[in-house]
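Remarks on the structure that follows.
Chains as they are written, first to last, in my numbering: chain A, 584 to 853; chain B, -9 to 272.
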């Protein structure tokens, strides 16, 4: 594992990250830092490369070029065993929760603790209760993932990601498929983790309301390139037509969506 | 040492999965599948026998429910099939043997058939259908729900956590069920032999004991071990190579591939082992 000294207080550093699938370049030279205790929102339209970037950052996909430095360790080209050590520094909340359906919520949270520590069962049970309390799910400890709502599943997934007290949490579309109240609850949880635990949060999302509630910094991707690395104000005041269209949700613009009458007629006749 | 990984983690399985999605070059595809199966077998052997000894893959919690699923819950179906096979053997071979006045050979014929062939093969077929198909379906649905990826991000190796206990459960319980199948098959044969040819139960089992040797029992048990390795690895493999985007259609396709390929592998290895045993063991 190569140790890399991160500048300032950056806990994550991505440098010239390129990811190709065959001849298709999905990420085209992405560079950014994430500071300790910061919430970074990664935005972008569908196919912009958000999920690929997240997967490269958590070691799910091997980068084609560049570096991904997590808390001093470059995970590009690293051995599987070394990557496992780096993985203990962060937790991931997947879009669907990805809880193991064969287990209760409490067993799901206990799993990483059982596998990576030598703590006795009573201590693990206490830790699980603490994690469940943090996400306000103590009452659902013995229920199975299929027996709780989507919002509760996502909070349970956050509790599991917190099991080994990571420094960094990655969230893949935490608001996807949730009602507005559940979305707000998840956003408050993300903010609470930042303020109480100085957690570094990296959130892939495209819900503007959530971004306004949680983001310290925003990274916007379009066709595998960074088109914005700045604050919420930068996002709201940008004149870039791609950012403007994303912000307003207009069909007309560089992101496509609207079909002109001429194009419609041509499509019919072709 | 953990086997060297030509392609890491799920990427390895995804690589083979992508090759499976391009059937245009079936020979290359088949070789890639064989290479993927071999790779999975090596990893599974490591996580089943080496990693637990060095504290890297505790199996106790997952293994016992698996043993119950493979062994105890397969008991009724193996009982029924073995009993019927023993009975059918006597029904079908009794008349020609009676024509030649050789009904006394019925116990030997049933015993040898059950030990060398029907016990292990029928048990393996039942386990492939009952347990192997569920291995594929469960692992594939875990891939679709990103549960396997979640395990990887928790630094829990999916092969160690998901495949090794399933492999060991099959490896331990298949020989047990095969021995059980021998006995039940002989009971089935004995009942029909008594009803149709008046062969007493005591004399039937005495003739059985006199006619089979330990080599026959071992032949069946060795087959059971080989079949259990093939079944568990093939079925787990087809579950793990599913890509989330393949969805339910891919899940159904992979379960079919898993069951069909397991059955073909069982019959092929049965032929090879049968020829080997006749030449060297029996």
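Cβ coordinates follow ideal geometry from the N, Cα and C atoms, glycine included.
Would you call the CB atoms of residue 264/B and residue 172/B closer than 7 Å? no
In this structure, how does DSSP classify residue 59/B when only helix, strand and coil are distinguished? helix
Using only CA atoms, which one of 675/A, 598/A and 599/A lies nearest to residue 746/A? 675/A
Touching or not, the region 131 to 145 of chain B and the region 199 to 211 of chain B, by the rule of three or more beta carbon pairs under 8 Å? no
To the nearest angstrom, report how far apart residue 208/B and residue 124/B are at their CA atoms. 29 Å
Going by other Cβ atoms of all chains shown within 10 Å of its Cβ, with 16 needed for buried, is residue 47/B buried or exposed? buried
In the DSSP assignment, the alpha helix (DSSP H) including residue 177/B goes from what residue to what residue? 154 to 187
On the three-state DSSP scale, how would you describe residue 604/A? strand
Find out if the Cβ-Cβ distance for the pair residue 619/A, residue 783/A is shorter than 7 Å. yes
Please decide whether residue 643/A counts as near chain B, where near means a Cβ-Cβ distance under 7 Å. yes
Going by DSSP, what residues sit across from residue 784/A in a beta bridge? 622/A and 752/A
Backbone CA spacing between residue 669/A and residue 259/B [nearest angstrom]: 43 Å
If residue 49/B sits next to residue 155/B, beta carbons under 8 Å apart, how far is it from one beta carbon to the other, in whole angstroms? 5 Å
Assuming residue 609/A and residue 632/A make a contact with CB atoms under 8 Å, what is their CB distance in whole Å? 5 Å
Taking 7 Å as the threshold (beta carbon to beta carbon), is residue 297/B in contact with chain A? The structure shown does not extend to residue 297/B, since chain B is modelled only from -9 to 272, so the question has no answer here.
For residue 598/A, which beta-bridge partners are listed by DSSP? 650/A
Short check: CB of residue 227/B to CB of residue 21/B, under 7 Å? no
Starting from residue 641/A, trace the beta strand (DSSP E) both ways and give me its first and last residue. Neither: residue 641/A is in no beta strand (DSSP E) and is coded neither H nor E.
Buried or exposed: which applies to residue 18/B, given that a residue is buried once 16 or more other Cβ atoms fall within 10 Å of its Cβ? exposed
Can residue 120/B and residue 58/B be called in contact, C-beta distance under 7 Å? no
Between which two residues does the alpha helix (DSSP H) carrying residue 812/A extend? Residue 812/A -> not in any alpha helix (DSSP H); beta strand (DSSP E) instead, spanning 808 to 813.
Going by C-alpha to C-alpha distance, which of 146/B, 102/B, 41/B and 191/B sits closest to residue 169/B? 102/B
Please list, in chain order, all residues of the same chain as residue -1/B whose beta carbon is under 6 Å from its beta carbon, the five residues on each side excluded. The predicted position of residue -1/B is uncertain, since its pLDDT is 45 and thus under 50; no value can be drawn from it.
Based on Cα-Cα distance, which residue from 153/B, 244/B, 117/B and 147/B lies nearest to residue 66/B? 117/B
Alpha helix (DSSP H) runs contained entirely in the region 657 to 721 of chain A, provided each spans 4 or more residues: 663 to 670, 688 to 699 and 704 to 717
What residue range is occupied by the uninterrupted beta strand (DSSP E) comprising residue 800/A? 800 to 805
Status (buried if at least 16 other CB within 10 Å, exposed otherwise) for residue 795/A: exposed
Is DSSP giving residue 822/A helix, strand or coil here? coil
Within a Cβ cutoff of 8 Å, which residues of the same chain sit near residue 736/A, ignoring the five residues on either side of it in sequence? 679, 680, 682 and 728
Using the Cβ count rule (16 or more neighbours within 10 Å means buried), how would you classify residue 825/A? buried
Does residue 727/A come within less than 7 Å of chain B when only Cβ atoms are used? no
Beta-carbon spacing of residue 724/A, residue 696/A below 7 Å: no
Can you tell me where the alpha helix (DSSP H) holding residue 226/B begins and where it ends? 204 to 230
Would you report the Cα separation of residue 97/B and residue 210/B, rounded to the nearest angstrom? 17 Å
Cβ contact (3+ pairs, closer than 8 Å) linking the region 705 to 722 of chain A and the region 652 to 667 of chain A: no
Please classify residue 9/B as buried or exposed, where buried requires at least 16 neighbouring CB atoms within 10 angstroms. For residue 9/B, the pLDDT reaches just 49, beneath the cut-off of 50, and the residue's location in the model is therefore unreliable, although a value from the coordinates is still provided. Classification of residue 9/B: buried, given that the 10 Å Cβ count is 16 or more.
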